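Undergrad: Going by our numbering, 203 is the number at position 201 of the sequence shown; the sequence numbering is gapless.
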Amino acid sequence: SLAWLKPPRLKIASKPSQAKLLTHRARYRTHSVIEPTLKNLRNMISAKSLGILACFCGGVACFRTHGLCTSGAFGSTRTLEGVQTLLPSPEPRSFERFPRHGLMPFVHPEANLAMCLMEKNGCSTWETLFGRMVTGNMSMMEPDRKLIPGAWSPAAADKVFRDPAAVRVLWVRDPVERFLSGFLNKCYVGWHKDDFPNCEFRSNLRMGFPLSHVQSWLRAGHRFRNSHFTAQSGHCELKKRLHEYNLIGLMTSDGFEKNAKCILKQTGLSYLNEGADGRKLLHHPSNGYDAASVLKKFFTKDFALEVMDYFKEDYDLFRLPRPTWIDEATGEWFNATSTQTTPSALGSVEDLQQEDDISLLAAIAGLNPDGA
């Protein structure tokens with residue numbers, strides 16, 4: 003049994019006072035347990051067992067396949083499933099002159115935690131959760147875009163990425179679904195007045211133009227440059243740094259909430275999910291439609307395959323499965339325009355998760371998977 007590897011659970015109130023938050027942070031700094039390195043683990047258990055258990059232990063967490071969070075080691079299944087463990091490289095690359103493309107990684111040495119944040123991969127939710135941790139403001143309901151860059155430094159990143167006990171997480175998403183989420187959020191519905199400038203293929207069109215325009219734009223030789231649409235492998239230098247992380251999660255409409263809550267629980271940060279008023283940032287999607295039912299109506303099979311080919315590096319690097327809905331793509335909405343283009347205010351607890359939800363965004367645009 004490896005039960006001895008799991009550190010004591012930190013008991014944090016769901017609505018901590020400022021004093022308790024300070025105490026909680028202090029416990030992160032002082033808490034210590036036996037921290038076996040992966041080399042020592044290999045000496046204690048077989049390589050097969052290590053691959054199955056994929057245990058990363060330290061001051062804040064122990065992730066085990068027998069627990070709730072992980073579903074084996076990355077590479078142990080044909081494609082990425084749920085949340086899987088990565089065997090990290092022993093020495094991270096230098097973080098000096100780390101290139102910025104989109105969001106910077108979140109690093110927090112006191113919590114022994116890092117996360118590669120990416121647009122359209124739940125970043126607003128995570129930024130808000132981490133904002134609560136950094137500021138102690140449990141009333142925060144939307145991200146402060148200055149906090150994450152302000153917390154970044156090469157020294158802080160080097161400390162977290164060199165520590166074998168640290169938890170380093172990245173979330174990836176099916177590239178075709180992520181692309182559609184970006185299109186609907188930034189080009190198709192009036193979610194927020196600042197969204198449309200991120201729609202780099204808008205040309206001279208107004209918000210609400212059809213997806214078919216993007217196919218013409220790509221076929222004209224244009225390339226994505228905005229970080230809401232660029233390949234995930236280009237974020238956080240993942241082409242070079244993938245194995246500097248030790249947890250990789252596949253973001254799906256039916257699994258993200260469960261897996262994200264589990265990671266918060268295993269790192270002793272569950273209290274961050276519940277705001278001062280009791281509302282939770284991470285919640286189950288409120289609509290009853292799965293992503294596939296929306297995707298196959300927006301995409302023709304030809305365009306879906308074109309987008310897949312554009313993001314081939316993501317599919318290969320992250321071992322992402324080929325979407326099964328592509329063979330059933332009908333494209334009824336390929337040329338549809340949006341009926342909702344008036345900017346709406348952000349701020350509700352649901353908005354943070356729903357701005358990535360293609361089913362909800364399609365419904366806002368006046369499109370119903372059950373309709374014609």
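Think of the CB as a built atom: it goes at the ideal place given N, C-alpha and C, for glycine as much as any other residue. Predicted, not measured: the structure shown is a model, and the values here were computed from it.
Can you tell me where the beta strand (DSSP E) with residue 191 in it begins and where it stops?
TA: Numbered from 1 along the sequence shown, position 189 holds the residue referred to as residue 191. Note, residue 191: premise wrong, no beta strand (DSSP E); not H, not E.
Undergrad: For the candidate residues 249, 159, 111, 148, whose alpha-carbon lies nearest to that of residue 174?
TA: Translated into positions along the sequence shown, residue 174 becomes position 172. Checked all of 249, 159, 111, 148; the closest Cα to residue 174 is 249.
Undergrad: Quick one: what does DSSP say residue 173 is sitting in, helix, strand or coil?
TA: Locating residue 173 in the sequence shown gives position 171, counting from the first residue. Strand.
Undergrad: Can you list, in chain order, the residues of its chain with a C-beta nearer than 7 Å to that of residue 200? Leave out the 5 residues immediately preceding and following it.
TA: The residue you call residue 200 lines up with position 198 of the sequence shown. Closer than 7 Å at the Cβ level, and outside the excluded window around residue 200, lie 188, 228, 230.
Undergrad: Using only the alpha-carbon positions, how far apart do residue 130 and residue 277 sit?
TA: Numbered from 1 along the sequence shown, position 128 holds the residue referred to as residue 130. Numbered from 1 along the sequence shown, position 275 holds the residue referred to as residue 277. Taking the straight line from one Cα to the other gives about 10 Å.
Undergrad: Tell me where the alpha helix (DSSP H) around residue 217 begins and ends.
TA: Along the sequence shown, one-based indexing puts residue 217 at 215. First-last of the alpha helix (DSSP H) with residue 217: 214-221.
Undergrad: Can you pull the DSSP bridge partners for residue 108?
TA: Counting from one through the sequence shown, the residue named residue 108 turns up at place 106. In the DSSP output, where bridge partners are listed per residue, residue 108 has 117.
Undergrad: Where does the unbroken alpha helix (DSSP H) through residue 265 begin, and where does it stop?
TA: Translated into the one-based positions of the sequence shown, residue 265 becomes position 263. Residues 258-268.
Undergrad: Can you find the residues in the same chain that come closer than 6 Å, C-beta to C-beta, to residue 337, ignoring five residues on each side of it along the sequence?
TA: Start at 1 with the first residue of the sequence shown, and residue 337 comes out as number 335. Closer than 6 Å at the Cβ level, and outside the excluded window around residue 337, lie 212, 214.
Undergrad: By a C-beta neighbour count over all protein chains shown, 10 Å radius and 16 as the cutoff for buried, is residue 359 buried or exposed?
TA: Along the sequence shown, read from residue 1 onward, the residue named residue 359 stands at position 357. Classification for residue 359: buried.
Undergrad: Is the separation between the beta-carbon of residue 107 and that of residue 119 shorter than 8 Å?
TA: Mapped onto the sequence shown, residue 107 falls at position 105. Mapped onto the sequence shown, residue 119 falls at position 117. Going by C-beta atoms, residue 107 is nearer than 8 Å to residue 119.
Undergrad: Looking only at C-alpha atoms, which of 89, 109, 87, 86 sits nearest to residue 97?
TA: Residue numbering aside, residue 97 sits at position 95 when the sequence shown is read from its first letter. When each option's Cα is compared against that of residue 97, the closest is 109.
Undergrad: DSSP state of residue 310, grouped into three classes?
TA: Stepping through the sequence shown from its first residue, residue 310 is reached at position 308. Three-state result, residue 310: helix.
Undergrad: Measuring only the C-alpha atoms, how far is residue 322 from residue 368?
TA: Taking the sequence shown and counting its residues from 1, the one referred to as residue 322 is at position 320. Taking the sequence shown and counting its residues from 1, the one referred to as residue 368 is at position 366. Straight-line Cα distance between these residues: approximately 31 Å.
Undergrad: Can you list, in chain order, the residues of its chain whose CB lies under 6 Å from that of residue 272, leaving out five sequence neighbours each side?
TA: Counting from one through the sequence shown, the residue named residue 272 turns up at place 270. 266, listed in sequence order.
Undergrad: Classify residue 234 as helix, strand or coil using the three-state DSSP reduction.
TA: The count along the sequence shown starts at 1 and reaches residue 234 at position 232. The answer is helix: DSSP assigns residue 234 an H, G or I state.
Undergrad: Output needed for residue 366: all residues of its chain with C-beta closer than 7 Å, excluding positions within five of it in sequence on either side, in chain order.
TA: Position 364 of the sequence shown, counted from the start, is the residue given in the question as residue 366. For residue 366, where only same-chain residues beyond five positions count, the Cβ hits under 7 Å are 191, 342.
Undergrad: Just the Cα atoms here: how many angstroms apart are residue 246 and residue 254?
TA: In the sequence shown, residue 246 corresponds to position 244, counting from 1. In the sequence shown, residue 254 corresponds to position 252, counting from 1. Taking the straight line from one Cα to the other gives about 23 Å.
Undergrad: Cβ atoms of residue 182 and residue 235: under 8 Å apart, would you say?
TA: The residue labelled residue 235 in the question sits at position 233 within the sequence shown. The residue labelled residue 182 in the question sits at position 180 within the sequence shown. Cβ distance not < 8 Å, so residue 235 and residue 182 don't count as in contact.
Undergrad: In the DSSP assignment, what are the bridge partners of residue 282?
TA: Position 280 of the sequence shown, counted from the first residue, corresponds to residue 282. Note: residue 282 sits in a beta bridge opposite 276.
Undergrad: For residue 122, count neighbouring Cβ atoms within 10 angstroms of its own Cβ and tell me buried if that reaches 16, exposed if not.
TA: Sequence index remark: in the sequence shown, residue 122 carries index 120 (1-based). That one is buried.
Undergrad: So does the stretch 295-305 actually touch the stretch 145-157, counting three or more Cβ pairs closer than 8 Å?
TA: Flag = no, the stretch 295-305 and the stretch 145-157 do not touch.
Undergrad: Excluding sequence positions up to five away, which residues of its chain have a Cβ less than 7 Å from the Cβ of residue 296?
TA: Reading the sequence shown from its first residue, position 294 is the one you call residue 296. The residues are 360, 361, 364, 371.
Undergrad: Quick one, are the C-beta atoms of residue 1 and residue 100 less than 8 Å apart?
TA: Lying outside 3 to 374, the shown extent of the chain, residue 1 is not represented and no answer is given.
Undergrad: Bridge partners of residue 75, per DSSP?
TA: Counting from 1 along the sequence shown, the entry for residue 75 is found at position 73. For residue 75, which the question treats as bridged, DSSP gives the partners 87.
Undergrad: How many Å lie between residue 144 and residue 137 at the Cα?
TA: Numbered from 1 along the sequence shown, position 142 holds the residue referred to as residue 144. Numbered from 1 along the sequence shown, position 135 holds the residue referred to as residue 137. Going from the Cα of residue 144 to the Cα of residue 137 covers about 13 Å.
Undergrad: How many angstroms separate the CA atom of residue 161 from the CA atom of residue 170?
TA: By one-based count along the sequence shown, residue 161 stands at place 159. By one-based count along the sequence shown, residue 170 stands at place 168. Taking the straight line joining both Cα atoms gives about 12 Å.
Undergrad: Run the CB neighbour count on residue 42, radius 10 Å, all protein chains shown included, and call it buried at 16 or more, exposed below.
TA: To locate residue 42, count along the sequence shown from 1; it is residue 40. Low confidence applies here, because residue 42 scores a pLDDT of 37, under 50, leaving its location unreliable; read the following figure in that light. Under this definition residue 42 is an exposed residue.
Undergrad: Tell me whether residue 392 sits in a helix, a strand or coil according to DSSP, three-state version.
TA: What the structure shows of the chain is the stretch from 3 to 374, and residue 392 is not part of that stretch, so it cannot be assessed.
Undergrad: Would you call the CB atoms of residue 339 and residue 184 closer than 8 Å?
TA: One-based indexing of the sequence shown puts residue 339 at position 337. One-based indexing of the sequence shown puts residue 184 at position 182. No.
Undergrad: According to the Cβ coordinates, are residue 114 and residue 159 closer than 8 Å?
TA: Residue mapping note: residue 114 aligns to position 112 of the sequence shown, counting from 1. Residue mapping note: residue 159 aligns to position 157 of the sequence shown, counting from 1. The answer is no: Cβ separation not under 8 Å.
Undergrad: Along the alpha helix (DSSP H) that carries residue 240, what are the first and last residues, could you check?
TA: Sequence index remark: in the sequence shown, residue 240 carries index 238 (1-based). Note, residue 240: alpha helix (DSSP H), 240-243.
Undergrad: Near residue 177, which residues of its chain fall below 6 Å by C-beta distance, leaving aside the five closest residues on each side in sequence?
TA: For the purposes of this step, residue 177 is taken as residue 175 along the sequence shown, with counting starting at 1. Taken in chain order, the residues that qualify are 313, 316.
Undergrad: Where does the unbroken beta strand (DSSP E) through residue 360 begin, and where does it stop?
TA: Your numbering for residue 360 matches position 358 in the sequence shown. Careful: residue 360 lies outside any beta strand (DSSP E), inside the alpha helix (DSSP H) at 360-366.
Undergrad: To the nearest angstrom, report how far apart residue 225 and residue 279 are at their CA atoms.
TA: As a first step, residue 225 must be located in the sequence shown, where it is residue number 223. As a first step, residue 279 must be located in the sequence shown, where it is residue number 277. The straight-line gap from Cα to Cα measures roughly 44 Å.
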